[in-house]
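In the working numbering, the protein residues as written are 1363 to 1755.
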């Protein structure tokens, strides 16, 4: 199914009558600041809906409130707090309020730290997982496990996207389109495309792209292998992007996001191997037609460092002159799937990318260990984003 980018309207339908998820963020100001107030007072995550629960151990309660993700309470919620608990929280209340994303001085930013200019929103570059810069082009994949994990997950994911500062992100396991809309409303300067597929039951785990609108725009997109649901439980989503560098140079790239069959066993392994064979043949055919360059990325649910007898990626790795996994140097050393400490999220590039990949690097920000304000695995995802960073040429 192909839909021209120019035929799509906000929340409209493509020519085939299928609901598109081409999302415009124009309802937010396109400036470089995220206008949203934060406060260092940490309140119980459920306070918006149920009020704040009083615990017997008041010092412990105050400590727990200060460790929770930032939520600005209403006056009604503040009135529910006993006076002695308010006294515990008062210093943090007046010390921590600020606007997130503004250019106002922040004591947490060390001397010499800079925020990027024309092509970047204001972000705190002192955070350990800040990766993007005005000098590089970043492509990432991120399985955001059954998004959203709770009602605050959209805000947490938006903050991480702004802080990691990636240019193009392939996302997997989007299980709630309304929550995804909420996420995009908190990302000024970003657009998105979400796959329209559903399971037979009407449920779904969608894939998609989140990308910077000042660099990228979609010309067309399609779902691949829609009649091969056994091999592809979630059809791959392909998109052609127009890319504009900071210097104004324009080019085209093709991206395919995948979420292959999960779980172990010979049967599921065979399904993933067949999927890789179909994908590699498809990209070879398209490249022979003069299209590309291609990047295939997503949750492959398999490891690159498996022995040859069990390795599902042979159709790619046996053709090093045509394909390159940028995650290969990390295999066996770093992980993207936290529970199993395994690297199963990958990026594979066609030969048209090889010149740019010469000076590239691939990183996996350790959000499961570096995020301190909340439990990343519990509240965001059991996968970590994986990103390849290339210098602009």
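Glycine included, C-beta positions come from ideal geometry on N, C-alpha and C.
Nearest CA to the CA of residue i: which residue from the options?
{"i": "residue 1520", "options": "1544, 1708, 1722", "result": "1544"}
{"i": "residue 1715", "options": "1542, 1624, 1753", "result": "1753"}
{"i": "residue 1645", "options": "1559, 1659, 1633", "result": "1659"}
{"i": "residue 1672", "options": "1721, 1492, 1719, 1635", "result": "1635"}
{"i": "residue 1496", "options": "1560, 1503, 1528", "result": "1528"}
{"i": "residue 1558", "options": "1668, 1598, 1590, 1550", "result": "1598"}
{"i": "residue 1656", "options": "1640, 1628, 1693, 1614", "result": "1614"}
{"i": "residue 1546", "options": "1561, 1575, 1564, 1562", "result": "1575"}
{"i": "residue 1535", "options": "1621, 1687, 1548, 1676", "result": "1621"}
{"i": "residue 1570", "options": "1667, 1493, 1562, 1554", "result": "1554"}
{"i": "residue 1725", "options": "1691, 1632, 1703", "result": "1691"}
{"i": "residue 1513", "options": "1537, 1502, 1494", "result": "1537"}
{"i": "residue 1662", "options": "1608, 1641, 1549", "result": "1641"}
{"i": "residue 1675", "options": "1628, 1501, 1736, 1639", "result": "1639"}
{"i": "residue 1561", "options": "1589, 1572, 1549, 1552", "result": "1589"}
{"i": "residue 1700", "options": "1727, 1539, 1720, 1516", "result": "1727"}
{"i": "residue 1583", "options": "1653, 1617, 1572, 1755", "result": "1617"}
{"i": "residue 1669", "options": "1591, 1511, 1631", "result": "1631"}
{"i": "residue 1491", "options": "1525, 1516, 1518", "result": "1525"}
{"i": "residue 1648", "options": "1633, 1627, 1600, 1608", "result": "1600"}
{"i": "residue 1591", "options": "1572, 1565, 1633, 1610", "result": "1633"}
{"i": "residue 1499", "options": "1736, 1746, 1721", "result": "1721"}
{"i": "residue 1628", "options": "1522, 1664, 1751", "result": "1664"}
{"i": "residue 1736", "options": "1494, 1511, 1493", "result": "1511"}
{"i": "residue 1746", "options": "1704, 1755, 1717", "result": "1704"}
{"i": "residue 1619", "options": "1652, 1530, 1717", "result": "1530"}
{"i": "residue 1755", "options": "1586, 1612, 1549", "result": "1612"}
{"i": "residue 1596", "options": "1568, 1550, 1494, 1750", "result": "1568"}
{"i": "residue 1723", "options": "1687, 1494, 1750", "result": "1750"}
{"i": "residue 1587", "options": "1566, 1626, 1643", "result": "1643"}
{"i": "residue 1626", "options": "1494, 1717, 1702, 1696", "result": "1702"}
Could you tell me which residues DSSP puts in a beta bridge with residue i?
{"i": "residue 1708", "result": "1660"}
{"i": "residue 1571", "result": "1532, 1555"}
{"i": "residue 1639", "result": "In the DSSP output, where bridge partners are listed per residue, residue 1639 has none listed."}
{"i": "residue 1504", "result": "1533"}
{"i": "residue 1745", "result": "1699"}
{"i": "residue 1526", "result": "In DSSP, residue 1526 forms no bridge with anything."}
{"i": "residue 1751", "result": "1500, 1723"}
{"i": "residue 1509", "result": "1536"}
{"i": "residue 1578", "result": "1605"}
Can you give the beta carbon distance from residue i to residue j, rounded, assuming they're within the 8 Å contact cut?
{"i": "residue 1706", "j": "residue 1698", "result": "6 Å"}
{"i": "residue 1594", "j": "residue 1637", "result": "6 Å"}
{"i": "residue 1666", "j": "residue 1693", "result": "4 Å"}
{"i": "residue 1502", "j": "residue 1748", "result": "6 Å"}
{"i": "residue 1541", "j": "residue 1516", "result": "5 Å"}
{"i": "residue 1489", "j": "residue 1523", "result": "No, residue 1489 and residue 1523 are not in contact; Cβ-Cβ is about 12 Å, not under 8 Å."}
{"i": "residue 1539", "j": "residue 1518", "result": "About 18 Å separates the two Cβ atoms, so there is no contact after all."}
{"i": "residue 1689", "j": "residue 1708", "result": "5 Å"}
Any beta-carbon of chain D closer than 8 Å to the one on residue i?
{"i": "residue 1498", "result": "In summary, chain D is missing from the structure at hand, where a single protein chain is found."}
- prompt: Is there contact between the segment 1730-1738 and the segment 1680-1690, where contact requires at least three CB pairs shorter than 8 Å?
  reply: As far as the Cβ criterion goes, the segment 1730-1738 does not touch the segment 1680-1690, which means the pair count is below three.
query: Would you call the segment 1507-1515 and the segment 1738-1749 touching, i.e. three or more CB-CB distances under 8 Å?
result: The segment 1738-1749 and the segment 1507-1515 touch, with three or more beta-carbon pairs separated by less than 8 Å.
message: Counting beta carbon pairs with one atom in the segment 1567-1586 and one in the segment 1604-1622, are three or more of them shorter than 8 Å?
response: Touching, per the Cβ criterion.
query: What are the start and end residues of each continuous alpha helix (DSSP H) run of 4 or more residues lying completely inside the segment 1585-1628, in chain order?
result: If we require 4 residues or more, the segment 1585-1628 turns out to have no alpha helix (DSSP H) run fully inside it.
- request: Could you name each continuous beta strand (DSSP E) segment of 3 residues or more that falls completely within the segment 1665-1739, going from the start of the chain to the end?
  value: Within the segment 1665-1739, the complete beta strand (DSSP E) runs of at least 3 residues are 1685-1687, 1707-1712, 1723-1725.
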